[in-house]
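Just so you know, the sequence shown maps onto residues 1 to 219 in the working numbering.
Quick reminder that beta carbons are idealized off the backbone N, C-alpha and C, glycines included.
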Amino acid sequence: MKLLFASVAASLFALSFASCKSDAVATKGICDTVCVKDSMKFTNENHKLKPYVYIAASNCNADTISWSYIDMGTARQANINDLTGRPVKLNPAAVDCFIKDTSYAWLQFNDCATGRGYLIKIPYSSYVKGNTLSSAMTKFDPKFSIADGLAVYSDRGNLFAEDMATGKIAQMTFKQRVEIDYDNLHEYVDSVNVTASKMWAKVKIGQDWKVFEKEISLK
1 MKLLFASVAA SLFALSFASC KSDAVATKGI CDTVCVKDSM KFTNENHKLK PYVYIAASNC
61 NADTISWSYI DMGTARQANI NDLTGRPVKL NPAAVDCFIK DTSYAWLQFN DCATGRGYLI
121 KIPYSSYVKG NTLSSAMTKF DPKFSIADGL AVYSDRGNLF AEDMATGKIA QMTFKQRVEI
181 DYDNLHEYVD SVNVTASKMW AKVKIGQDWK VFEKEISLK
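Okay, here's the thing in structure tokens:
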């Protein structure tokens, strides 16, 4: 059956295990701004319906995200800048995708213009709202160690780790609100190390750098 593409308004997304990776190699820093000419496609080959996430390029930039699976009927589509709330520059070296099955996928990347990390939860069902997190701490940052399969992000007062496959979450508090500028993240968060059993972060509180660590259990 030929797939028809239907637009998905940004309002369907709240702005706020099969691993698939790009073959590109990261360069100096998190990522360089490059001319993206080729589309990126991530597929869960282990699932019989082959759910995928496809990022099309236009005018040297990642432009449109499409997602579907065999026999879904109508593929869903959204402009990437609508989901992030502003223009972003992607480099295939700093883009990753976790596709659980035909329920949802997690797209993870950094904006190479600013370094800001993003996590976008993409539902395959049109009845389920997606979610964009613009405060992600990704594995592409050389100062961050993030275990595979974890979505790590902050709300300026806490650090969260979410299991992409199960939705289970753990958190660690900074004990106060930290006015983090996520476009200049390392001025506030020097480094993090997150696994399924422990969280560690070096965060600037006032004028001082403090280390926070916690044994965790994803629930």
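Please classify Ser197 as buried or exposed, where buried requires at least 16 neighbouring CB atoms within 10 angstroms.
A residue is called buried when at least 16 other Cβ atoms come within 10 angstroms of its Cβ; Ser197 does not meet this threshold and is exposed.
Whole-angstrom C-beta distance between Lys89 and Ala113, which should lie under 8 Å:
Indeed they touch by this definition, with Cβ atoms about 4 Å apart.
Starting from the Cα of Gln171, find the closest Cα among Ala151, Pro92, Tyr52, Asp32 and give me that residue.
Of the listed residues, the one whose Cα sits closest to Gln171 is Ala151.
Opposite Thr43 in the DSSP bridges: which residues?
Checking the DSSP bridge columns, you'll see Thr43 partnered with Tyr52.
Got a sec? Which residues, its chain only, sit under 6 Å from Asp208 by beta carbon, not counting five neighbours each side?
Residues of the same chain with their beta carbon placed closer than 6 Å to that of Asp208 are lacking, with the five preceding and five following residues left out of the count.
Minimum length 3: unbroken beta strand (DSSP E) runs contained in the stretch 90–115
Counting whole runs of 3 or more residues, the stretch 90–115 contains the beta strand (DSSP E) stretches 95–99, 104–110.
Look at the alpha carbon of Cys60 and the alpha carbon of Leu133, and state the distance between them as a whole number of angstroms.
In this structure, the CA atom of Cys60 is about 24 Å from the CA atom of Leu133.
Give the secondary structure of Asn59 by DSSP, where H, G and I count as helix, E and B as strand, and everything else as coil.
Three-state DSSP puts Asn59 in coil, outside helix and strand.
With 16 as the cutoff for other CB atoms within 10 Å, does Pro91 come out buried or exposed?
The question names Pro, yet the displayed sequence has Asn at residue 91. With 16 or more other Cβ atoms within 10 Å, it is buried.
Have a look at Ser39, Tyr69, Asn46, Leu49 and flag the residue whose alpha-carbon is nearest the alpha-carbon of Ala57.
Of Ser39, Tyr69, Asn46, Leu49, the smallest CA-CA separation from Ala57 is found for Ser39.
Identity of the residue in Met72, Gln77, Met137, Asp181 nearest Asn193 by Cα:
Shortest Cα-Cα distance from Asn193 to any of Met72, Gln77, Met137, Asp181 involves Met137.
Quick one: is Ser103 buried, meaning 16 or more other Cβ sit within 10 Å of its Cβ, or exposed?
With fewer than 16 other beta carbons inside 10 angstroms of its own, Ser103 counts as exposed.
Locate the alpha helix (DSSP H) running through Ile80, then write down its first and last residues.
Residues 80–84.
Label Lys210 either buried or exposed according to how many other C-beta atoms from any shown protein chain fall within 10 Å of its C-beta, with 16 as the threshold for buried.
With fewer than 16 Cβ atoms within 10 Å of its Cβ, Lys210 is classed as exposed.
Rounding to the nearest angstrom, what Cα-Cα distance links Cys139 and Cys97 in this structure?
The sequence given here places Lys at residue 139; Cys does not occur at that position. Going from the Cα of Lys139 to the Cα of Cys97 covers about 12 Å.
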